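So in the numbering used here, the last spot in the first sequence is 425, and the numbers never skip. Please read the structure below before turning to the comments.
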Amino acid sequence: MIDPQLLRNDLEAVAEGLKVKGHTVDVAAYQALEAKRKSLQVESEELQAKRNARSKEIGRTKAQGGDVDALMQEVNSFADRMKQAQVELDAIKQEMLEITDVMPNMPHSSVPQGKSEDDNVELMKWGVPKQFNFEVKDHVDLGEALEALDFETATKIAGPRFVVMKGALARMNRALIQYMLNTHTDQHGYQEVYVPYLVNEDSLKGTGQFSKFAEHDLFATQAEDGYYLIPTAEVPVTNIVRDEILKADDLPLKMVAHTPCFRREAGSYGRDTRGMIRQHQFEKVELVQIVKPEDSYNVLEELTGHAEAILQGLELPYRKVVLCGGDLGFSAAKTYDLEVWLPGQNAYREISSCSNFEGFQARRLKARYRLETKKTELVHTLNGSGLAVGRTLLAIMENYQQADGSIVIPSVLKPYMGGLDKISA
RNA sequence: GGAGAGGUGGCAGAGCGGCUGAAUGCACUGGUCUUGAAAACCAGCAAGGGUUAAUAGCCCUUCGUGGGUUCAAAUCCCACCCUCUCCGCCA
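Next up, the structure:
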C-alpha cells in the first residue's frame with residue numbers, strides 16, 4: 001500500500017510514478033473523495049467528542065443525584081447525525097480503499113522506463129556460454145533419455161505441469177537445496193527458518209499476493225479451511241514480522257527458507273508447457289531481509305549478490321537485468337532478475353528475482369521497528385530467490401551435458417552426491 | 001473429534017456499565033545516589049488515525065474479531081476466531 005500521506009499531499013507525483021508501471025490514477029476523482037473524507041471525518045470526530053463529553057457529564061451529575069434529562073436530550077439531538085456521518089465516512093473510506101488497494105508500488109527513481117520485459121535493461125553478464133561440439137539437447141530430452149525425468153507419470157498422478165524425478169537427478173535436486181541453504185546460512189549470515197506451506201488470507205494480503213489480479217494464481221484448500229498453498233516462501237517468511245514492532249538492534253533480519261511453491265499458472269497455457277520451466281509445484285530457496293529504510297537499497301545489491309554467488313558457485317553463466325517499470329511486480333519498487341543461460345533454449349531465462357518493496361509490504365503488514373526517539377517506523381522488506389531449485393537443476397542438466405547424454409555434476413555439489421561425478425544412463 | 005478453562009499494554013496480571021487507555025509487578029528509558037556498577041529512591045513509558053508547518057497541542061479509535069443494547073461498554077447480549085489443559089487419534 002502506498003503511503004496515504006503521500007496520496008494526500010502529492011497525488012500528482014504518485015500518478016506520475018505509477019504511469020511508469022502502466023497504472024492510471026484518476027487524480028481529480030480521488031481528490032474529491034479525499035475532500036469528502038476530510039470533512040466527514042472532522043465532523044464525525046467532533047460529534048463523538050461532544051458525545052463523550054456529555055456522557056461523562058451525565059455520569060458525574062448522576063453521581064451527585066442531579067437531573068440528567070436535559071443532557072440526555074442534547075445527546076439524542078445529534079445522535080442520528082453522528083451515526084449517519086460515521087456511516088457516510090465508512091462508505092467513503094471503503095471507496096478510497098478500493099482505489100488504493102489496487103495501486104501498485106511506485107518504482108524507484110533508478111528504474112528504467114518501459115512497457116514489457118523487452119524493455120528490461122541488461123546490467124552485466126557473468127561466465128561464457130559453453131560451446132558444444134555436438135548437438136545440444138534440452139533438459140526434457142536429456143532427462144527422459146536418462147530415465148530421470150518422467151513427465152508422463154506425473155501427468156497420470158496429478159496432471160500437466162508436474163514432474164517425477166528419479167534416482168541421481170532427484171538426489172541432485174536435494175543436493176541443490178542443501179548447497180543453497182548451507183551457503184546462505186554459513187557464508188551470507190542468514191538464519192534458516194522452516195515455515196508453513198499453507199497460509200491464511202491475511203498473510204497473502206500482507207505481502208500483496210491477494211490483489212484482485214493475483215488471486216486466481218493461487219491454489220486454495222477447502223473454502224471452510226481458508227488456507228492457500230504458498231506461491232512463494234516470501235509469503236510465510238515475510239509475514240513473520242506482521243503486526244510486530246521490532247527492536248532496531250534486531251535489524252537487519254536475514255532469513256532463508258526452502259519451501260515448495262504452488263502456482264496455478266492460469267492464463268499462461270501456451271507458455272513453457274514443455275519441461276520443468278513452469279510447473280504447478282516447484283522448489284525454491286528464498287532469501288528475505290527486513291531492514292531499516294535507509295539500508296534497503298544497499299541490501300538489494302547485497303541480496304542479489306547472494307543469489308549470484310550460487311550461480312557462480314555452480315559455474316552457470318547468467319546475466320543480471322533490471323526490470324523496467326512496466327515489468328515490475330505489484331509490490332516491488334525495484335527488481336533485479338538473474339537469468340541463467342539455457343543451451344537447450346539458446347537463451348537466458350529467469351532463475352531469480354530480487355526485489356526491494358520499500359515500505360509497501362510493511363505498511364500492509366504493520367511491520368515496524370522502534371527508533372531511538374521511541375517512535376515507530378515502517379521497516380523495508382526485500383526478498384529474492386536464491387535460487388529457484390527446479391530451474392537450477394535443469395540449467396545444470398543443459399549446461400553440463402555431455403555428448404553421450406550424461407550430465408557432469410558441478411564440483412560444489414559432489415559432497416552432497418555421495419562422490420558421484422556424473423549422472424549417466 | 002469429545003470435555004473444560006481462557007483471550008486486557010513488551011511480558012505477567014487486576015479491573016461493581018460512568019473520573020479506567022486501563023491498578024499492580026517485571027522489563028525498558030531518564031534522573032538522584034555511587035570512584036564505577038549493583039541496590040534503593042524519583043520520574044517517564046501502548047498503538048493507530050485525524051487536525052496542524054509541527055516529531056507542539058487538541059481530538060477520535062482500539063482491552064481476540066464482527067455485530068448489538070446504552071447518553072455511556074474492557075465490563076451486558078449474540079455470532080465467530082484463537083489459545084491452553086485433559087481424552088481420543090496419529091508422523
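Every residue gets a Cβ at the ideal spot worked out from N, C-alpha and C, and that includes glycine. Small disclaimer: the values here were computed from a predicted structure and weren't measured.
Output the distance between the C-alpha atoms of arginine 364 and proline 415, rounded to the nearest integer angstrom.
43 Å
Do you know whose CA, among Arg278, Pro231, Met106 and Val285, lies nearest serine 458's CA?
For residue 458 there is no data in the structure shown, the boundaries of the chain being 1 and 425.
Excluding five sequence neighbours on each side, which residues of the same chain lie with their C-beta closer than 8 Å to the C-beta of valine 27?
Around valine 27: Leu11, Glu12 and Ala15.
My understanding is that valine 256 touches tyrosine 197, with C-beta atoms under 8 Å, so please give their C-beta distance in whole angstroms.
With a Cβ gap of about 16 Å, valine 256 and tyrosine 197 do not count as contacting.
Give the list of continuous beta strand (DSSP E) stretches no shorter than 3 residues that lie fully inside the region 252–292.
If one requires a minimum length of 3 residues, the beta strand (DSSP E) runs lying completely within the region 252–292 are 253–262 and 281–291, in chain order.
In the structure shown, what three-state DSSP assignment does valine 299 receive?
In the structure shown, valine 299 falls within a helical segment according to DSSP collapsed to helix, strand and coil.
Are the CB atoms of leucine 181 and valine 285 nearer to each other than 8 Å?
The answer is yes: Cβ separation under 8 Å.
Can you round the beta-carbon distance between valine 408 and leucine 314 to whole angstroms, since I take them to be within the 8 Å contact cut?
In fact, because the Cβ distance is near 12 Å, the residues do not count as touching under 8 Å.
Quick check on this structure: which residue in Val237, Thr153, His280 and Glu301 has the alpha carbon closest to the alpha carbon of glutamate 192?
Val237
List the endpoints of the continuous beta strand (DSSP E) containing methionine 124.
121–126
Proximity below 8 Å, CB of leucine 387 to CB of leucine 311
yes
Among the candidates Lys422, Leu393, Arg242 and Val340, whose CA atom is the shortest distance from the CA of methionine 124?
Val340
Below 8 Å between beta carbons: does that hold for glycine 384 and alanine 307?
yes
Can the beta-carbon of glutamate 283 be found less than 8 Å from the beta-carbon of valine 164?
No; because the gap between Cβ atoms is not below 8 Å, this pair is not in contact.
Identify the residues that DSSP records as bridge partners of glycine 442: which are they?
The chain is shown only over 1 to 425; residue 442 falls outside these bounds and no answer can be derived.
I need the boundaries of the alpha helix (DSSP H) containing asparagine 133, first residue and last residue.
Premise fails: asparagine 133 is in no alpha helix (DSSP H) and is neither H nor E.
Does the count of Cβ pairs from the region 24–41 and the region 95–113 closer than 8 Å reach three?
yes
Whole angstroms is fine: what's the gap from leucine 204's alpha carbon to phenylalanine 210's?
Rounded to the nearest angstrom, the two C-alpha atoms are 5 Å apart.
Leaving out the 5 sequence neighbours to the left and right, which residues in its chain are closer than 6 Å to methionine 82 when beta-carbon positions are compared?
Excluding sequence neighbours, methionine 82 sits near Leu47.
Would you mind reading off the limits of the alpha helix (DSSP H) that contains serine 203?
201–207
If you drop the 5 nearest sequence neighbours on each side, which residues of the same chain put their C-beta closer than 7 Å to that of glutamate 74?
Arg54
Out of Glu45, His108 and Val42, which has the shortest C-alpha to C-alpha gap to lysine 19?
His108
Alpha-carbon spacing of valine 154 relative to methionine 276, whole angstroms:
The amino acid at residue 154 is misidentified as valine; the sequence shows alanine. In a straight line, the C-alpha of alanine 154 is about 12 Å away from that of methionine 276.
In angstroms with no decimal places, state the Cα-to-Cα distance between leucine 300 and phenylalanine 219.
29 Å
Measuring only the C-alpha atoms, how far is phenylalanine 132 from glutamate 398?
11 Å
Could you tell me how far apart the beta carbons of glutamine 345 and aspartate 138 are, in whole angstroms, since I believe they sit closer than 8 Å?
7 Å
With burial defined as no fewer than 16 other Cβ atoms inside 10 Å of the residue's Cβ, what is the status of threonine 373: buried or exposed?
exposed
If valine 321 sits next to valine 121, beta carbons under 8 Å apart, how far is it from one beta carbon to the other, in whole angstroms?
7 Å
Determine the contact status of alanine 437 and glutamate 147, defining contact as a CB-CB distance below 8 Å.
This structure cannot speak to residue 437, because the chain is shown only from 1 to 425.
Exposed or buried, alanine 175, counting other C-beta atoms within 10 Å across all chains shown (16 or more means buried)?
buried
Exposed or buried, which one is glutamate 358 when buried takes at least 16 other CB atoms within 10 Å?
buried
What does DSSP give as the partner residue(s) for histidine 23 in the beta ladder?
According to DSSP, histidine 23 bridges with nothing at all.
Straight-line CA distance for tyrosine 228 to valine 199?
5 Å
Taking DSSP as the reference, what is the three-state secondary structure of asparagine 346?
coil
Considering only DSSP beta bridges, list what arginine 427 is partnered with.
Shown here, the chain extends from 1 to 425; a query on residue 427 therefore has no answer.
Alpha helix (DSSP H) containing glutamate 88: first to last residue?
69–100
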